[in-house]
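Presented below is the structure to which this report refers.
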Amino acid sequence: MKPTGILFFPAFDWAISPTHPEREERLLYTRDQIFEEGIMDLPQIKEYQPGLASKKDIARVHFCVPDVDAQITDAHLVSAGSALVMADAVMSGEIRNGFAIIRPPGHHAMTVSHGNRGFCNINNEAIMLEYIRKRYGVKKIAIVDTDVHHGDGTQEIYFHDPDVLFISFHQDGRTLYPGSGFMDELGGPLAYASTINIPMPPGTTDEGILYIMEHLVIPVLEAFKPELVINSAGQDNHYSDPLANMRFSAQGYARLNT
């Protein structure tokens, strides 16, 4: 069996504030735990080094106001570029799947980028998707967003694209930023039902999220038959996250990804 790829980029030079939950320590703790558990010593794991996206990669997705340089730092280029490294490794057949543990994040960034939205300036997932389309000619791609916040940026970018299935299950937008992601948001007229939102009530546990995955997400993916699945894998459904109100556990995340 082909290995799973892992890549780390904690972005030491990009921070909102020293005490904000979205900071470099979040990824460093994850990296330390992975090494302490001996995961990196397994023959089924292959580590990759960060890469660098180009401004052309960003421009395939975004109109940056007033320009690309005004909206990004070097950390944004490396974060997006690291997603492209994982894409190349998967598409070339080196690995069967990949996990890019990177920041800054991206799923709130919309087509027109004119500032930080939910800590996101550019959309890493969309930049990777368009890179894959251009380089490898893949047509049908699914994005499954498991972050506690609705992936409103990714949804906006692909709302009218029938070849991209966007599925987001998240804490109900009436109780959490960005206040969107309701069930009637189903895609544009020519891409109806290519957007699927499953808002969950605060306090949803492992059983609720795993039920949604088994009985809704998986059947929809099987019906769509994507050539590739991208997981926008926020970890903030966890019960310890200070910005949300869900009750997901580490064991739940393990089951979610099996």
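Following my numbering, the numbering of the sequence shown begins with 4 at its first residue and continues without gaps. Here a beta-carbon is modelled for each residue, glycine too, at the ideal position from N, C-alpha and C.
Residue i lies in the beta strand (DSSP E); which residues open and close that run?
i, result
"N234", "231 to 235"
"T198", "198 to 203"
"V81", "Premise fails: V81 lies in the alpha helix (DSSP H), 77 to 94, not in any beta strand (DSSP E)."
"A145", "144 to 148"
"Y51", "48 to 51"
Among all the DSSP beta bridges, which residues are the ones paired with residue i?
i, result
"G101", "G8"
"H241", "F251"
"V115", "F66"
Compute the beta-carbon to beta-carbon distance between residue i and residue j, rounded to the nearest angstrom, for a pair I have assumed lies under 8 Å.
i, j, result
"Q238", "P205", "So it is not a contact: roughly 17 Å between Cβ atoms."
"G184", "D155", "7 Å"
"I105", "F12", "4 Å"
"T157", "E188", "Going by Cβ atoms, the distance from T157 to E188 rounds to 12 Å, so no, they are not a contact pair."
"I125", "G109", "6 Å"
Would you mind reading off the limits of the alpha helix (DSSP H) that contains residue i?
i, result
"Q174", "First-last for Q174: 167 to 174, but that is the beta strand (DSSP E), not the alpha helix (DSSP H)."
"D209", "209 to 215"
"I42", "Here I42 belongs to no alpha helix (DSSP H), and DSSP marks it neither H nor E."
Leaving out five residues on either side along the sequence, give the residues of the same chain with a beta carbon under 6 Å from the beta carbon of residue i.
i, result
"G84", "G54, L55, A56"
"C67", "Q74, S116"
Regarding residue i and the ligand GDP, is the C-beta to nearest heavy atom distance less than 7 Å?
i, result
"T114", "Questions concerning the ligand GDP fall outside what the structure shown contains, since it holds no ligand whatsoever."
In three-state terms, what does DSSP make of residue i?
i, result
"F227", "helix"
"F66", "strand"
"R120", "strand"
"V141", "coil"
"V71", "helix"
"V151", "coil"
"L189", "coil"
"I125", "coil"
"T261", "coil"
"D164", "coil"
"T178", "coil"
Excluding sequence positions up to five away, which residues of its chain have a Cβ less than 7 Å from the Cβ of residue i?
i, result
"Y139", "M94"
"I48", "P6, T7, I9, I42"
Residues in its own chain within less than 8 Å of residue i by CB, not counting five upstream and five downstream?
i, result
"L213", "G255, R258, L259"
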